[in-house]
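A.B. asks: Each residue of the sequence shown is one higher than the one before, counting from 119 in the working numbering.
We treat Cβ as the ideally placed atom computed from N, Cα and C, and that holds for glycine.
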Amino acid sequence: MGKIKMKLAGVNPLLKGILYFIGGLVLILLILQLAIFIWGNNYVESQLRAQLRQSNTQGYSIDFEDLDLRVFSGSATIRNIRVDTDTSLFSSTDDTSSAPRFLFTGSLGQLSLSGVNVFSSLMGEELHIGTLTLDSPDISALKNPNEVSRDDGSFSSVDSTILAGIPDRYTALEIGEIIIKNGHGKLTQTDDTLSSLQQLNLSLREIRVDSASAQSGRLFITDNISLDARDFTMHLSDSLNTIAFNHLSIYSDDQTVALDSLQLNPRYGKLEFARRHGTTIDRIDLAIPNIRFESVDFPQLVESGRIYAGYGHISDLRLEDYLNRGIPPGPPVAKPLPFVAFRDLNIPVKMDSLHIENAYISYSEYVGDTPRAGTITFEQTDAIFRNISNYPEDVEKGITTTLDAESQVMGTGLLDVHFEFPMDTQNGFHKIEGKLSEMSMPHFNQMVEHVAFIRIDNGQLDSLTFEMTLDQEQSSGTLVMNYENFSISVLNKQSIKQHGLLENFKTFLANNFIVRKKNIPGNDMQAGRIDFERDESKSIFNYWWKSLLSGIKDSIRK
119 MGKIKMKLAG VNPLLKGILY FIGGLVLILL ILQLAIFIWG NNYVESQLRA
169 QLRQSNTQGY SIDFEDLDLR VFSGSATIRN IRVDTDTSLF SSTDDTSSAP
219 RFLFTGSLGQ LSLSGVNVFS SLMGEELHIG TLTLDSPDIS ALKNPNEVSR
269 DDGSFSSVDS TILAGIPDRY TALEIGEIII KNGHGKLTQT DDTLSSLQQL
319 NLSLREIRVD SASAQSGRLF ITDNISLDAR DFTMHLSDSL NTIAFNHLSI
369 YSDDQTVALD SLQLNPRYGK LEFARRHGTT IDRIDLAIPN IRFESVDFPQ
419 LVESGRIYAG YGHISDLRLE DYLNRGIPPG PPVAKPLPFV AFRDLNIPVK
469 MDSLHIENAY ISYSEYVGDT PRAGTITFEQ TDAIFRNISN YPEDVEKGIT
519 TTLDAESQVM GTGLLDVHFE FPMDTQNGFH KIEGKLSEMS MPHFNQMVEH
569 VAFIRIDNGQ LDSLTFEMTL DQEQSSGTLV MNYENFSISV LNKQSIKQHG
619 LLENFKTFLA NNFIVRKKNI PGNDMQAGRI DFERDESKSI FNYWWKSLLS
669 GIKDSIRK
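Okay, structure coming up:
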């Protein structure tokens with residue numbers, strides 16, 4: 119200390135005065151920091167608890183373990199924040215429009231603030247925070263078990279909600295980054311878990327909320343997002359299916375969205391599924407190991423709610439459609455064609471191209487009182503969709519979505535097919551044309567034995583070409599089969615075997631008077647007429663397959 123005083127004695131008096139002033143100021147701040155550490159934390163903590171007690175009148179009780187306030191570094195940490203709720207609010211009023219649809223309970227974990235400029239926040243009109251972090255939140259959303267009236271459709275934006283929540287003296291809020299680490303969540307109703315998310319890591323950056331953003335109509339507070347979500351499961355509202363994925367990642371910097379192991383899982387077996395539904399219904403079992411979207415326009419999504427991706431890629435998709443016709447059908451319920459349903463979505467979606475690689479698709483029918491269902495498969499399928507869009511201006515201009523696909527039918531015959539889906543159609547009109555290469559016709563027995571109750575004993579298909587137009591109700595077109603050495607056996611429905619005089623007699627009649635043994639060029643070759651009336655309660659695969667089958671039957675008939 120003596121050496122310091124000797125050095126100060128030789129300096130300019132003005133500079134010496136400034137140094138003493140700075141030293142005294144630092145000393146005062148250190149004493150104040152020490153006082154806040156000893157007494158201030160307790161004071162602020164008690165005030166915060168008092169504020170929380172006043173807010174608990176809305177059915178929520180919020181408490182925390184302790185507060186660590188560091189004023190001069192502009193940071194604070196609140197540990198073990200607990201949120202409890204009063205579930206009697208679900209039934210405390212006769213007015214269902216005022217009853218909450220959801221209540222929330224659980225732990226917010228640890229909340230940390232850093233990078234807060236205390237003095238500028240005290241003196242200025244804007245509140246600036248460097249980083250807000252939630253560590254290990256675990257929240258349950260409780261769904262009202264009672265029917266709740268829908269609201270009038272009005273929507274309070276995220277920006278306006280945040281702006282209303284900050285003190286009135288501030289005109290704007292800026293946050294450098296909001297971070298959620300290792301989050302967990304679930305949606306429950308009367309102790310039944312409807313959906314759950316096992317892990318969420320989220321980063322939202324460059325956030326500014328003010329009166330201009332609150333009135334802008336944007337959907338979210340930022341388009342600078344990184345998200346990593348794992349192990350998600352949700353029971354769909356039909357109570358028959360569960361949707362799940364292992365890993366979802368979203369990176370706005372790279373303009374990418376990637377989804378790992380997306381699954382649509384029926385909750386019941388193939389026969390029980392339709393019984394649970396009470397009527398005939400398609401049971402869809404879907405698994406997609408990898409989905410990736412690139413060139414995603416995040417700013418457009420946030421500002422206008424429009425989804426755009428330049429390119430999408432799906433690999434190793436596996437889709438199994440199983441139709442149980444073994445129970446009585448219920449009242450007809452018309453289903454729109456998939457591309458019409460996409461066009462009529464309230465969410466605008468556009469993608470330049472979507473590539474599906476190495477897909478497996480099967481369609482099965484069970485007619486009842488048979489050993490098993492008949493199945494047709496499309497294996498090693500490679501397909502490209504182009505011009506996918508339901509943007510109103512694109513639909514108005516008459517955009518046509520196309521699909522070009524190659525597939526191994528029953529794992530053997532190469533099918534090359536082209537689809538056209540005009541998005542401005544009024545009646546679901548679309549066109550399909552294709553060609554199937556040579557294959558042995560008995561490969562189709564896996565389907566026809568259990569649906570048509572015939573066995574193809576012999577037959578070589580040299581080629582099959584078709585063109586058809588379809589709409590919401592009817593298909594029409596032409597199919598040409600080039601085949602030879604064709605013969606069949608008529609089977610008993612219950613045993614799927616040929617036995618007894620009746621089946622033998624039917625087989626004799628079929629091969630000699632009903633079906634053509636060959637249909638080759640130069641031999642009075644005939645084309646088949648495609649003509650099928652759609653069952654609007656069944657899937658698109660049923661419609662396409664039955665349309666083709668109508669042409670096949672007409673082509674082989676004498």
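Taking DSSP as the reference, what is the three-state secondary structure of GLN612?
C.D. replies: Counted from its first residue, the sequence shown places residue 612 at position 494. Residue state, collapsed to three classes: coil.
A.B. asks: Can you name the residues that DSSP bridges to ASP346?
C.D. replies: For this step, residue 346 is matched to residue 228 along the sequence shown. BP columns for ASP346 point to ASN319, SER367.
A.B. asks: For PHE139, which residues in the same chain have their Cβ closer than 7 Å to its Cβ, ignoring the five residues on either side in sequence?
C.D. replies: Taking the first residue of the sequence shown as position 1, residue 139 is located at position 21. Unreliable placement is indicated for PHE139, whose pLDDT of 46 sits below 50; no coordinate value is reported for it.
A.B. asks: Once DSSP output is grouped into helix, strand and coil, what is the label at PHE547?
C.D. replies: Counted from its first residue, the sequence shown places residue 547 at position 429. Per DSSP, reduced to three states, the secondary structure at PHE547 is coil, with no helix or strand assignment.
A.B. asks: Note down, in chain order, each residue of its chain lying with its Cβ closer than 8 Å to the Cβ of THR203, except the 5 sequence neighbours on either side.
C.D. replies: Indexing the sequence shown from 1 puts residue 203 at position 85. So the qualifying residues of the chain are GLY177, TYR178, SER179, LEU221, PHE222, THR223, LEU260.
A.B. asks: In the DSSP output, which residue or residues are listed as bridge partners for GLN592?
C.D. replies: Against the sequence shown, residue 592 aligns to sequence position 474. Paired residues: GLU651.
A.B. asks: By Cβ distance, which residues of its chain are closer than 7 Å to LYS615, with the 5 residues on each side in sequence left out?
C.D. replies: Indexing the sequence shown from 1 puts residue 615 at position 497. Within the same chain, LYS615 has close Cβ partners LEU609.
A.B. asks: Please state the DSSP three-state secondary structure of ARG393.
C.D. replies: Locating residue 393 in the sequence shown gives position 275, counting from the first residue. Looking at ARG393 - three-state DSSP - the assignment turns out to be helix.
A.B. asks: What residues are listed by DSSP as bridge partners for GLY646?
C.D. replies: Stepping through the sequence shown from its first residue, residue 646 is reached at position 528. Note: GLY646 sits in a beta bridge opposite LEU597.
A.B. asks: Out of curiosity, what's the CA-to-CA distance linking TYR601 and LYS468?
C.D. replies: By 1-based counting over the sequence shown, the position of residue 601 is 483. By 1-based counting over the sequence shown, the position of residue 468 is 350. Approximately 43 Å, taken between the alpha carbons.
A.B. asks: State buried or exposed for GLY396, treating a residue as buried only when at least 16 other CB atoms are found within 10 Å of its CB.
C.D. replies: The sequence position of residue 396 within the sequence shown is 278, counting from 1. The residue in question, GLY396, is exposed, as its Cβ has fewer than 16 Cβ neighbours within 10 Å.
A.B. asks: Are the CB atoms of ILE648 and LEU582 nearer to each other than 8 Å?
C.D. replies: Residue 648 sits at position 530 when you count from the first residue of the sequence shown. Residue 582 sits at position 464 when you count from the first residue of the sequence shown. Contact: no.
A.B. asks: Once DSSP output is grouped into helix, strand and coil, what is the label at MET528?
C.D. replies: Here the question's residue 528 lines up with position 410 in the sequence shown. Coil at MET528, not helix or strand.
A.B. asks: Would GLU243 pass as a contact of ARG287 if the rule is Cβ separation under 8 Å?
C.D. replies: One-based indexing of the sequence shown puts residue 243 at position 125. One-based indexing of the sequence shown puts residue 287 at position 169. Taking C-beta atoms as the reference points, GLU243 and ARG287 count as a pair closer than 8 Å.
A.B. asks: Say the cut is 7 Å; is the CB of ASN476 nearer than that to a heavy atom of the ligand PLP?
C.D. replies: Inclusion of the ligand PLP in the displayed structure is not the case, the ligand content being empty and no account of it being possible.
A.B. asks: What do you reckon, are the CB atoms on ILE425 and ILE474 nearer than 8 Å?
C.D. replies: As a position in the sequence shown, residue 425 is number 307, starting the count at 1. As a position in the sequence shown, residue 474 is number 356, starting the count at 1. Cβ distance not < 8 Å, so ILE425 and ILE474 don't count as in contact.
A.B. asks: Could you check whether SER613 and ASP575 sit closer than 8 Å to each other, using their CB atoms as the reference points?
C.D. replies: Reading the sequence shown from its first residue, position 457 is the one you call residue 575. Reading the sequence shown from its first residue, position 495 is the one you call residue 613. No, Cβ-Cβ distance for ASP575 and SER613 is not below 8 Å.
A.B. asks: Report yes or no: do the region 516 to 524 and the region 563 to 573 share at least 3 C-beta pairs separated by less than 8 Å?
C.D. replies: no
A.B. asks: Are the region 436 to 455 and the region 390 to 405 touching by the rule of at least three beta carbon pairs closer than 8 Å?
C.D. replies: yes
A.B. asks: Measure the beta-carbon distance from THR251 to LYS299 and round it to whole angstroms, keeping in mind my assumption that it falls under 8 Å.
C.D. replies: Residue numbering aside, residue 251 sits at position 133 when the sequence shown is read from its first letter. Residue numbering aside, residue 299 sits at position 181 when the sequence shown is read from its first letter. With 8 Å as the limit, THR251 and LYS299 qualify as a contact, their Cβ atoms being about 7 Å apart.
A.B. asks: Rounded to the nearest angstrom, how far is the Cβ of TYR478 from that of GLU497, given a contact under 8 Å?
C.D. replies: The count along the sequence shown starts at 1 and reaches residue 478 at position 360. The count along the sequence shown starts at 1 and reaches residue 497 at position 379. About 5 Å separates the two Cβ atoms, so the contact holds.
A.B. asks: In angstroms with no decimal places, state the Cα-to-Cα distance between ASP415 and ASN637.
C.D. replies: Indexing the sequence shown from 1 puts residue 415 at position 297. Indexing the sequence shown from 1 puts residue 637 at position 519. The alpha-carbon atoms of ASP415 and ASN637 are separated by roughly 54 Å.
A.B. asks: Can you give me the C-alpha to C-alpha distance between GLN418 and GLY294, rounded to a whole angstrom?
C.D. replies: Within the sequence shown, residue 418 is the residue found at index 300, counting from 1. Within the sequence shown, residue 294 is the residue found at index 176, counting from 1. Cα to Cα, the separation comes out at about 21 Å.
A.B. asks: Would GLY529 and PHE584 qualify as a contact pair, given that the criterion is a beta-carbon distance under 8 Å?
C.D. replies: On the sequence shown, position 411 is the one that residue 529 refers to. On the sequence shown, position 466 is the one that residue 584 refers to. Taking 8 Å as the Cβ cut-off, GLY529 and PHE584 do not qualify as a contacting pair.
A.B. asks: Grouping DSSP H, G and I as helix and E and B as strand, with all else coil, what is TYR481?
C.D. replies: Numbered from 1 along the sequence shown, position 363 holds the residue referred to as residue 481. Reduced to three states, the DSSP call for TYR481 is strand.
A.B. asks: As a quick exercise: from PHE604, ARG634, SER593, pick the residue whose alpha carbon is nearest that of LEU667.
C.D. replies: Here residue 667 is taken as the residue at index 549 of the sequence shown, counted from 1. Out of PHE604, ARG634, SER593, SER593 has the C-alpha closest to the C-alpha of LEU667.
A.B. asks: Based on Cα-Cα distance, which residue from LEU337, LEU533, ARG336, GLU412 lies nearest to GLN373?
C.D. replies: Your numbering for residue 373 matches position 255 in the sequence shown. Answer by Cα proximity: GLU412.
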